[in-house]
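Everything below concerns the one structure shown next.
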Amino acid sequence: MNGRARVLVTRRVAPEALAMLRERFDVTHWDSSEPIPRDKFLSAIADTDGLLALLTERVDAELLALAPRLKVVANMAVGYDNVDVDAARARGVQVTNTPGVLTETSAEFAFLLILAVARRLKEAMRWVERGRWTTWDPLLLLGPDLDGAMLGLVGYGRIAAAVARRAHAIGMHLAYHSSHAHPDDEERLGMRRMAFDDLLRESDVVSLHVPLTAATRHLVAERELRLMKPTAYLVNTARGGVLDQQALYAALVGGSIAGAALDVTDPEPLPAEHALLQLDNCLVVPHIASASVATRTRMATLAAENIIAVLTGRPALTPVDARPPAP
Ligand code: GLV
């Protein structure tokens, strides 16, 4: 390679990560809080050796075909459904993600959504904002107790396990559905491994923690929502595509579940006029589960470390193809 390797960074990210890359490489930076337009992305990739991409970028066969020098795609996210890993592998391009560094922050937020949706936070805030708070009312905005309620975790990777610890601490009963057994956590948290349908039937709160793959797209749709208790809540901090949103809307309006909290939607962003946003029992936030200062910085620096490793001939720190996606 003549001169310094070239790295493309597709968004404004923590300056620490940019500094690490600039020290070693020629960096092209899409220095914006908006995604790089596809045409600019396609043209910038041509002479790129290392790509720091976000989950908003589609790193697909079309893009990879235009990138003869590309050696590494460092996705600044633990999920990597935006990257065609097989197409990358076929071209000898290493793909990395950011596992581990966002676990506690994301679990904290999933736990916040569990509390918020069950205790009707959106509706309560709207109540005050609309000037309807006229007195203390013993029957106003009642919700369930979570102490003693059952939380069903769909998928049991790092984040689900960290949610389980938090839920256990407030007295929730726990169940999980996963292709892998986790006997230590079952023992420690008094948690049960359950068939998917049984978990849906028995849980008071269902929280989704599976990666988005062909097998998990619309994993929760009309049939699954019907299995849930009419008093149950659904929380999605995984990927929007795991949940059939039209079916969710029907379930929320028809009362077949009590409420939902979504950190992720399909599409993202969700248009402000979207029907789900009009509902008091559907709380939607803009994909911010990992959004603490320290975690977003660490995600960016880990992505940078992966690029530095691969472009200096060392193994990636967190390659995605070294292990199957955690269910
Ligand atoms: C965010 O959704 C991530 O996958 O890190």
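All residue numbers for the sequence shown refer to my numbering, where the first residue is 29 and numbers rise by one.
Even glycine gets a Cβ: it sits at the ideal position worked out from N, Cα and C.
Residues bridged to residue i (per DSSP)
| i | result |
| --- | --- |
| Y277 | Answer is none; Y277 lacks a bridge partner. |
| N334 | Beta-bridge pairing links N334 to no other residue. |
| N103 | A81 |
| R34 | D54 |
| P43 | Answer is none; P43 lacks a bridge partner. |
| H201 | M178 |
| P347 | T124 |
| V111 | V87 |
Selection from the options that minimises the alpha carbon distance to residue i
| i | options | result |
| --- | --- | --- |
| V41 | I64, A146, G128 and P299 | I64 |
| T131 | R154, R186, M104 and M153 | R186 |
| G171 | A89, T241, Y261 and M48 | Y261 |
| D225 | L181, L304 and G282 | L181 |
| S207 | L82, V292 and Y184 | Y184 |
| L143 | L255, L339, R50 and D232 | D232 |
| R245 | R267, N125 and I335 | R267 |
| D109 | E301, T340 and V270 | V270 |
| A289 | A146, E250 and L298 | A146 |
| S134 | F53, L169, L217 and A190 | A190 |
| A279 | N264, L255, E85 and V106 | L255 |
| L217 | L240, P239 and A188 | A188 |
| V312 | A138, I73 and D54 | A138 |
| G283 | E301, T265, L307 and V263 | L307 |
| R251 | T241, P239, N264 and Q274 | Q274 |
| V87 | T265, D59 and V123 | V123 |
| V263 | T241, L141 and A95 | L141 |
| E215 | E230, R193 and A223 | R193 |
| T241 | A81, V111 and V100 | V111 |
| S318 | A344, V129 and A95 | V129 |
| E62 | R324, L49, E85 and M327 | E85 |
| G287 | L298, P299, L305 and A89 | L305 |
| K68 | T329, D291 and L94 | L94 |
Inter-residue Cα distance where the pair is residue i and residue j
| i | j | result |
| --- | --- | --- |
| R39 | R119 | 24 Å |
| A102 | L91 | 15 Å |
| A337 | T346 | 10 Å |
| L70 | S235 | 37 Å |
| L25 | E151 | It is not possible to answer for residue 25, since the shown part of the chain is limited to 29 through 355. |
| V121 | H57 | 21 Å |
| A354 | D175 | Any reading at A354 must be qualified, since the residue scores a pLDDT of 46, below 50, and its modelled position is unreliable; the value itself is stated next. Roughly 28 Å between the two C-alpha positions. |
| A303 | Y277 | 8 Å |
| E136 | G31 | 44 Å |
| I316 | A45 | 20 Å |
| R158 | D294 | 29 Å |
| G78 | A115 | 16 Å |
| D213 | L179 | 14 Å |
| G341 | A203 | 44 Å |
| D173 | I285 | 16 Å |
| N125 | M104 | 6 Å |
| D272 | H237 | 15 Å |
| G107 | V113 | 12 Å |
| A47 | P258 | 51 Å |
| V37 | S60 | 10 Å |
| E333 | R52 | 11 Å |
| R66 | R154 | 38 Å |
| R221 | L83 | 31 Å |
| V74 | R97 | First, the residue type needs correcting, since residue 74 is Ala and not Val in the sequence shown. Their backbone Cα atoms lie some 7 Å apart in a straight line. |
| D54 | R326 | 22 Å |
| P166 | L80 | 53 Å |
| E301 | V281 | 16 Å |
| V348 | L149 | 37 Å |
| H205 | K99 | 36 Å |
Cutoff 8 Å: residue i Cβ touching any chain B Cβ
| i | result |
| --- | --- |
| L80 | Although the question refers to chain B, the structure presented lacks it and comprises just one protein chain. |
- Item | Secondary structure, beta strand (DSSP E): runs of 3+ residues fully inside the stretch 163-196 | The beta strand (DSSP E) runs of length 3 or more contained entirely in the stretch 163-196 are, from start to end of the chain, 178-182.
- Message: Which complete beta strand (DSSP E) runs does the stretch 291-333 hold, if anything under 3 residues is left out?
- Response: Counting only runs of 3 or more, we get 310-312.
- beta strand (DSSP E) runs contained entirely in the stretch 214-288, provided each spans 3 or more residues: Counting only runs that start and end inside the stretch 214-288, the beta strand (DSSP E) elements of at least 3 residues fall at 233-236 and 261-264.
- Task: Count the C-beta pairs between the stretch 194-210 and the stretch 153-171 that are closer than 8 Å, then say yes if the count reaches three, no if not.
- Result: No contact exists between the stretch 194-210 and the stretch 153-171.
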